[in-house]
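Student: Please find one structure pasted underneath; my questions will follow.
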């Protein structure tokens, strides 16, 4: 009689063993590739009587477990065929719910395992506990052996879809699958010892039409149950869909993250009512201006509030309103999706009185302007970097020198000034110099495309001569390349922060917090008002025009030749003769400074 397949001996062992490789049709989904079992006897005839029992046990062991749809992605190839449709973030939840449904059916259909002894049974239970620990460990889904990653890979194969691992839809699906596997392993652990009463507790799967028995249940009449985090993720996907502006996308993402942090990600969304929204308003009224940075470092919002001291600074009225508006949009969306009965945050406003918008940032007073233009950067400094406020022999005319002057005598925003190139300085048909803001620039809105005459004071202090020299050196380069860009490819945030820091060298007293680089634009607007400039040319100069009349090649509304008559009315009682002396200066660029 031939030896039965699988019956073998191991080296240096007198016992017989049963060995079986996983059948090919189960290989992709099985938690193991091979099965070894000691038959606990060295007697060949006795071992023969135990082979078939071991074979049946092996086949059970090869069956896919719900929590381990695949144990390794090594046997799976992640699809990257460009012809396959890309997974969209809004599809992740439905795929995960369908996966959970299928796995619950398989779990219900499993035949109870007959364990040989308590040792074998306890070892199997420890495997379940190990899987649960892996699934619950933070940031663990990046490993090649992680069940959620394996589940995602197989699921995408079955659906004929692709999803780059590092992009949001893939990460979202993986997180949903991880939650599904955590729920499944919790149910299997209970059933391991005969407890079939453990319910589905994850809000994402409670509302699906699945019962632990494998049957169906009706959706709750009050609407689907969903966690705050799950709702926030769906809301955010819709909110940022189609947005090209990375800065806006990041702002929406941060606002939603604050909402989740306050209410708790795993809390049911249905727990939010008007009272909870009022508590959100009251809590945010006490948060410090830098709370977002501290939260990014892992600090919980509630912990921040607990550590708050009397007298600590709080958010401005406008910033507080911004977060309340974000909450109102989120709760309103939830009501539209039937997750909540109505928008419980509607009508919430910050506590206190809204400040006068015109007083949010103050214009500079004449005495402050005089001190501003008598700093060493304008009279002679060590350099225009760390030594800009220290008296020295150098006049270095770059952004720190020119930007405040251009803003004061033209009203341009920081972002507009820092994007200027020599080509933005032109002559009108009547030979009047002007600055043109063109559609290819990153501007606040379409109205910002305009022509601004060059003020006579700027001509007197040598701006056009300086631009002509820069035109010869690098005609297509920006005028202020030394200003670093932020992560959104914009210069103004870093420059504005630097200018605000520069102001500490002036004695501004209580007005310090209300004065920024943008205050120069307010000062320009105030000068227009004092000169009785009519509204239309005032709006044109400031880029607020509502009319869309076409000028020459660029801009809208009134041309620079027409606006020049109004711009020259802008005057300040400032003595800038020391700047006029610099008009013909050939700049010194110190070692380490770019030209």
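Residue numbers (our numbering): 461 to 1055.
Glycine included, each C-beta is placed from N, C-alpha and C at the ideal position.
What runs of the alpha helix (DSSP H), each 4 residues or longer, lie entirely inside the region 582-648?
Tutor: 607-619
Student: Is the beta carbon of residue 1038 closer than 8 angstroms to that of residue 838?
Tutor: yes
Student: Which partner residues does residue 887 have in the DSSP bridge list?
Tutor: 893
Student: In three-state DSSP terms, what is residue 948?
Tutor: Under the three-state reduction of DSSP output, residue 948 falls in the coil class, being neither helix nor strand.
Student: Can you tell me which of the three DSSP states residue 1004 falls into?
Tutor: coil
Student: How many angstroms separate the CA atom of residue 872 from the CA atom of residue 776?
Tutor: 25 angstroms
Student: Output the boundary residues of the beta strand (DSSP E) element that contains residue 467.
Tutor: Counting along the chain, residue 467 sits inside the beta strand (DSSP E) bounded by residues 467-469.
Student: Around the C-beta of residue 771, are 16 or more other C-beta atoms found within 10 angstroms, so that it is buried, or is it exposed?
Tutor: exposed
Student: For the putative contact between residue 478 and residue 515, defined by C-beta atoms under 8 angstroms, what is the C-beta separation to the nearest angstrom?
Tutor: 7 angstroms
Student: What ranges does the alpha helix (DSSP H) occupy inside the region 922-1000, keeping only unbroken runs of at least 4 residues that lie completely in it?
Tutor: 923-933, 952-962, 978-990
Student: Less than 8 angstroms between the beta carbons of residue 544 and residue 621, yes or no?
Tutor: yes
Student: Going by other Cβ atoms of all chains shown within 10 Å of its Cβ, with 16 needed for buried, is residue 803 buried or exposed?
Tutor: buried
Student: Does the beta-carbon distance from residue 877 to residue 866 come in below 8 angstroms?
Tutor: yes
Student: Can at least three beta-carbon pairs, one atom from the region 645-665 and one from the region 583-590, be found at a separation below 8 angstroms?
Tutor: Output reads yes: the region 583-590 touches the region 645-665.
Student: Spatial neighbours of residue 826 within its chain, please: C-beta separation below 8 angstroms, excluding the five flanking residues on both sides.
Tutor: 1032, 1033, 1034
Student: Does residue 760 pass the burial test, meaning 16 or more other C-beta atoms within 10 Å, or should it be called exposed?
Tutor: exposed
Student: For residue 1044, which residues from the same chain have a beta carbon less than 8 angstroms from its beta carbon, with the 5 sequence-adjacent residues on both sides left out?
Tutor: Only 922, 925 meet the Cβ criterion.
Student: For a test of the three-state rule: what should DSSP assign to residue 673, helix, strand or coil?
Tutor: A caution first: residue 673 carries a pLDDT of 35, below 50, which makes its placement in the model unreliable, though a value can still be read off. Coil at residue 673, not helix or strand.
Student: Is DSSP giving residue 804 helix, strand or coil here?
Tutor: coil
Student: Since residue 805 and residue 788 should fall inside the 8 angstroms C-beta cutoff, what is the C-beta to C-beta distance between them, to a whole number of angstroms?
Tutor: 4 angstroms
Student: May I ask you to report which of helix, strand or coil DSSP gives residue 854?
Tutor: Shown here, residue 854 sits in a strand according to DSSP, grouped into three states.
Student: Checking the sheet assignment: what are the DSSP bridge partners for residue 478?
Tutor: In the DSSP assignment, residue 478 is bridged to 467, 497.
Student: On the criterion of 16 or more Cβ atoms from any shown chain inside 10 Å, does residue 730 qualify as buried, or is it exposed?
Tutor: Taking a 10 Å sphere around the C-beta of residue 730, we find 16 or more other C-beta atoms and assign the residue as buried.
Student: Skipping 5 residues on each side, what residues in its chain have a beta carbon closer than 8 angstroms to that of residue 821?
Tutor: 974, 975, 976, 978, 979, 982
Student: Measure the alpha-carbon distance for residue 914 versus residue 895 and round it to whole angstroms.
Tutor: 7 angstroms
Student: Can you tell me the Cα-Cα spacing of residue 883 and residue 718, whole angstroms?
Tutor: 44 angstroms
Student: Within the continuous beta strand (DSSP E) that includes residue 913, where are the two ends?
Tutor: 911-913
Student: Should residue 606 go down as buried or exposed, given a rule of 16 or more other Cβ atoms within 10 Å for buried?
Tutor: buried
Student: Would you list the one or two residues that DSSP bridges to residue 546?
Tutor: 622
Student: Could you compute how far the alpha carbon of residue 578 sits from the alpha carbon of residue 654?
Tutor: 15 angstroms
Student: When you compare only the Cα positions, how much space is there between residue 996 and residue 893?
Tutor: 21 angstroms
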